[in-house]
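Here the sequence shown stands for residues 95 to 367, numbered as in my numbering.
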Amino acid sequence: MKTALVISTSDAAFNSLAFKGDLVKGVEMAKRIGYDAVEIAIRDPDKVDRNQIKEVAVNLGIEVAAVGTGQAFLSEGLNLIDPDESVRNRTADRLKCHIDFASTFGAKVIIGFIRGSRKTRTFEQAAEIFSAQMRVIADYASSKNVTLVIEPLNRYEIDFLNTLEQTYRVVQIIDRNNVGILADTFHMNIEEADIQRSIRLVADRLYHFHIADSNRWAPGTGHYDFESTFRVLNDIGYNGYISVECLPLPDGTEHAAKIAYDTLQRLFKVFQR
Ligand code: LER
Ligand code: MN
């Protein structure tokens, strides 16, 4: 397993990020602490200088593990299941830009908030629209060697795809090898009846992993049971990234990123394959 830190630009509409600001400074900070990679949350990839980030990452010897897309939903309302077809089309176009950006780095693209809200539709109706959209986007991603990961989010953030099991069902309907699941300890702690069991259920499609403590502070500062989660990750042979997505708490950005990193190293010592 490898470590990553989620970073974003200072205008990010999403707060659960240890680092918000100049992306180059974020990459440098992650490297200074010891992370293997960064994960970059981006509203519009055309507004980011990918060559500059690529140059800094290559020079420092740090990877870009994944690209987050949720800000395009939070700031602009873009989403894949909007009742308005023109919004759905604009969302697909934006995700293609995220995929192009990710392909520069061999990074995954996250389908979190950008899936959209189910509203009054049934789960099956929303899943059908979503799956059709996802197949088109996944085939585009495949042509660029990019993998997509759908992230179950808790019910207080969105009303569609809250659990790993629901998301796994939809991944099977989409039926593309380059579409998998991103599990996040913060959301699982709210939604999963049995976290270990749920992780085992989706094991063959678990492609990425977010980590924060129960309070969404740095891992190691709350009461989430990381040992049992890492035991099952080890059992299923998970060897992807563990990406830290937490608030800059208890005491600011670099401190939170450092506590998280130290917590991961402690867990790796016990469970590293
Ligand atoms: C949102 O709560 C979250 O966990 C992000 O990773 C969404 O893309
Ligand atoms: Mn997350």
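Cβ atoms here follow ideal geometry from the backbone N, Cα and C, with glycine treated the same way.
At least one heavy atom of the ligand MN falls within 7 Å of the beta-carbon of His-304. The alpha carbon of Ala-106 has as its nearest neighbour, out of Phe-167, Asn-239, Asn-145 and Ala-131, the alpha carbon of Phe-167. Between Asn-328 and Phe-365, the CB-CB gap stays under 8 Å. The beta carbon of Ile-284 is closer than 6 Å to those of Asn-248 in its chain, skipping five residues each way along the sequence. Secondary structure at Lys-213: coil, using DSSP grouped into helix, strand and coil. Distance check between Phe-199 and each of Ala-159, Ala-220 and Lys-190 places Ala-159 closest, using alpha-carbon atoms only. Positions of the alpha helix (DSSP H) runs, each at least 4 residues long and wholly inside the stretch 289-358, are given as 289-295 and 320-330 in order along the chain. Across the structure, Leu-174 and Tyr-301 are spaced so that their CA atoms are roughly 21 Å apart. Under the three-pair Cβ rule at 8 Å, the stretch 209-222 counts as touching the stretch 242-260. For Phe-113, the three-state secondary structure derived from DSSP is strand. Per DSSP, reduced to three states, the secondary structure at Gly-274 is strand.
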